[in-house]
Amino acid sequence: MDNTKSQPAALHTMALAALGVVFGDIGTSPLYTMKEVFAVGHHPLLLTQDNVYGILSLITWALLLIVSFKYVAFIMRADNRGEGGIMALLSLASRYAGGDPDQRKRIMMLGIIGACMFYADGMITPAISVLSAVEGLEVAAPQLDDWIVPITLCVLFLLFWAQSKGTAVMGAFFGPVMLTWFAVLGILGVMNISHHTEILKALSPYYAFLFFSTQPKIAFIALGAVVLAVTGAEALYADMGHFGRKPIRLAWFLFVLPALICNYSIQNPFYHLAPDWALFPLILLATLATVIASQAVITGAFSVSRQALQLGFIPRMHVAHTSEQTEGQVYMPRVNWGLMVATMGLVVIFGSSGDLAAAYGIAVTGDMVITTLLAAVVFHHLWGWSKLKTACLISLFLVIDLSFFTANILKIPDGGWVPLLMGLIIFTLMRTWKTGRALLYRILRSESMELVPFIQAIGAHPPARVNGAGVFMTPNPDGVPHALLHNLKHNKVLHDSVVILTVRFEDYPYTSQEERIAVENLAYGFYRVTIRYGYMDEPDLPRDLALTAAQGLTLDPMDTSFFVGKESLIVSDKPGMAFWRKKIFIGLFRTAETITNQFKLPPNRVVELGSQVKI
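In numbering that gives the first Met the number 0, the protein residues as written are 0 to 614.
Okay, structure coming up:
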């Protein structure tokens with residue numbers, strides 16, 4: 000009986016936590032969506048009753064079809080051992096490709112582009128969210144108009160500066176603040192609906208169809224602003240691993256969706272809904288809400304970067320864990336400060352949420368299209384859906400996604416080029432790193448000796464052996480590590496136990512302790528050890544090497560040395576990659592975090608042996 004009661008209690012607690020983290024982005028969309036729809040531009044939309052009904056109908060059904068139907072009902076079911084997000088979907092889709100390199104390459108390209116769009120979204124979201132909240136000063140105190148950008152920059156700096164402290168303390172306030180925020184959204188909406196009950200007619204899809212049939216060109220252009228109402232839909236999927244499907248669905252249908260629909264059912268921009276006495280408290284609450292929305296995006300960027308790092312898409316970089324209780328709370332300094340510079344640069348360049356809105360839609364809708372395409376692979380090949388069933392559902396998703404995407408293409412000259420440029424730069428860096436790393440490994444593999452004949456030669460002509468264990472790290476378990484050859488050549492000795500260690504990162508989030516490690520005894524004191532990590536696991540080689548004892552290899556931590564190769568790369572005329580990309584790859588390679596830090600090796604037991612490699 001107690002267990003039955005505890006489950007709903009836990010569900011409600013998780014739903015409240017999800018309210019604070021997952022729905023910040025989509026929850027702050029009312030700050031700028033209606034304002035941008037009716038903003039004066041190249042194709043101004045007149046504030047008439049028919050136009051208001053048409054827009055509200057479009058927003059309502061965008062929330063229902065994109066968020067409720069596409070993401071909550073279907074996409075969130077495509078989890079990778081409980082984890083969601085573009086990288087999880089990429090991993091699932093990649094399994095279908097199997098040994099087909101061309102198919103795998105196409106799927107990989109889609110996933111990388113989706114990740115690039117996510118990063119672009121992560122740069123724009125804090126800028127437009129905080130800026131739109133602070134712009135409430137234009138209504139409350141017009142004389143402070145010149146202070147909007149400086150105040151926004153200060154808020155953003157404090158937000159990014161606080162990331163290294165972790166989100167555990169702030170997280171305790173996220174749920175209650177967002178609960179208050181959505182309650183205020185709903186109350187303001189209901190207050191205005193009570194004076195204009197006829198506005199509820201806009202909930203009917205008839206007015207959206209009427210809007211398109213009478214003003215097709217204007218309605219199509221308006222989609223570029225309507226999509227702002229569904230920004231943050233990807234967060235429902237990306238944060239599924241932290242909260243699970245049920246809490247997110249409960250929070251969405253029980254609280255978030257009703258509050259948003261009530262608040263959108265108005266005819267005035269957001270801050271004009273409130274009485275004068277409530278403006279400054281509302282600005283403060285909106286700023287807190289947008290900081291929380293930005294925090295969720297930044298945290299998501301850390302999570303995606305960590306997954307991308309362990310899947311081999313970006314160079315090794317420092318990952319700090321900010322919580323002893325929650326393994327998923329990480330801080331990545333390079334990602335954090337890179338996002339801060341980009342975000343604050345956007346605020347300075349554009350200066351207002353209205354100008355920045357043009358840059359927002361491309362990244363969001365591009366990510367939605369890629370999610371749909373990857374989901375098609377999962378639905379058909381992994382779930383076993385028929386081609387007809389898959390085609391029907393995916394076609395519906397694509398009609399909606401591509402309609403919003405093409406409407407946003409029209410905004411490229413007005414700012415839509417920003418996420419495209421950002422995405423192109425990130426895409427070039429990620430592809431260069433992935434290709435360059437594969438090229439480097441091919442060169443190292445081609446230059447290495449085969450391991451088994453080498454061990455046989457050692458057995459026939461044994462060198463001097465010393466006490467202890469030597470662990471030689473290599474990506475090629477069938478070849479002799481360069482560090483081992485250098486050590487034998489210069490020191491003329493081998494350890495009693497020689498461990499050829501290879502670390503593999505799998506395309507699923509976590510590995511169990513049973514599948515984490517495999518030990519193979521090769522003879523003459525040589526062992527081949529493979530350690531597997533999921534892309535959400537925390538690598539810790541000293542901790543996990545202790546598991547070898549159960550498989551016959553006991554390693555004394557105080558008598559074990561780690562040997563790693565430290566390659567110095569030189570550009571050559573070898574084929575495989577363009578000259579300029581080789582230069583970029585070498586630059587990225589030099590800035591990569593050391594293996595010692597990435598795998599938590601004890602620095603006083605690590606020996607680095609260098610070599611020059613021409614690529």
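Just so you know, even glycine gets a beta-carbon here, dropped at the ideal spot from N, CA and C.
Measuring C-alpha to C-alpha distances from L10 to each of K34, V290, I247 identifies I247 as the nearest. The stretch 423-437 and the stretch 583-592 touch, with no fewer than 3 CB-CB distances between them shorter than 8 angstroms. DSSP places L500 in the strand class (E or B) of the three-state scheme. Secondary structure of S293 (DSSP, three-state): helix. Spatial neighbours of P314 in its own chain (CB-CB distance under 8 angstroms, excluding positions within 5 residues in sequence) are listed in chain order as L308, W432, L587, F588, T590, A591, E592.
Put simply, of A285, A292, A182 the residue whose alpha carbon is nearest the alpha carbon of D238 is A292. Pairwise C-beta distances place the stretch 85-93 out of contact with the stretch 348-364, as fewer than three of them are shorter than 8 angstroms. The DSSP-derived three-state label of N475 is coil. Per the Cβ contact rule, the stretch 114-121 is not in contact with the stretch 556-571 (fewer than 3 Cβ pairs under 8 angstroms). Across the structure, A232 and D400 are spaced so that their CA atoms are roughly 12 angstroms apart. Contact between the stretch 376-391 and the stretch 60-70 is not established, with fewer than three Cβ pairs separated by less than 8 angstroms. DSSP, reduced to helix, strand and coil, places L136 within a helical segment of the structure shown. For G575 and M108, the gap between their C-alpha atoms comes out near 18 angstroms.
D477 and K565 have their alpha carbons spaced roughly 19 angstroms apart. Judged by DSSP secondary structure, I516 falls within the beta strand (DSSP E) whose first and last residues are 516-522.
Setting aside the 5 residues that flank it on each side, I54 is surrounded in the same chain by V36, each with a C-beta closer than 6 angstroms to its C-beta; the list follows chain order. With 16 or more neighbouring CB atoms inside 10 Å of its own CB, A357 falls in the buried class. The stretch 464-471 makes no contact with the stretch 502-517; the number of CB pairs closer than 8 angstroms stays below 3.
Secondary structure at T559: strand, using DSSP grouped into helix, strand and coil. I369 places its beta carbon less than 7 angstroms from that of G113. In terms of CA proximity to E514, T529 leads the group A38, T529, G223. Taking C-alpha positions only, Q162 is separated from V154 by approximately 13 angstroms. Rounded to the nearest whole angstrom, the CA to CA distance from I186 to T47 is 24 angstroms. Of all C-beta pairs linking the stretch 140-150 to the stretch 210-226, fewer than three are shorter than 8 angstroms, placing the two stretches out of contact. In the structure shown, D495 adopts extended strand secondary structure according to DSSP, grouped into three states.
Bounds of the alpha helix (DSSP H) holding V36 are 32-36. I530: member of the beta strand (DSSP E) spanning 525-532, first to last residue. With contacts defined as CB atoms closer than 7 angstroms, V129 and T289 qualify as a contacting pair.
Residue state for V606 is assigned as strand, using DSSP reduced to three classes. For Q597, the secondary structure class from DSSP, reduced to helix, strand or coil, is helix. Apart from sequence neighbours up to five positions away, the residues of its chain that approach A406 with a beta-carbon distance below 7 angstroms are F219, I220, L222, G223, ordered along the chain. Between N520 and L484, the alpha-carbon positions lie close to 20 angstroms from each other.
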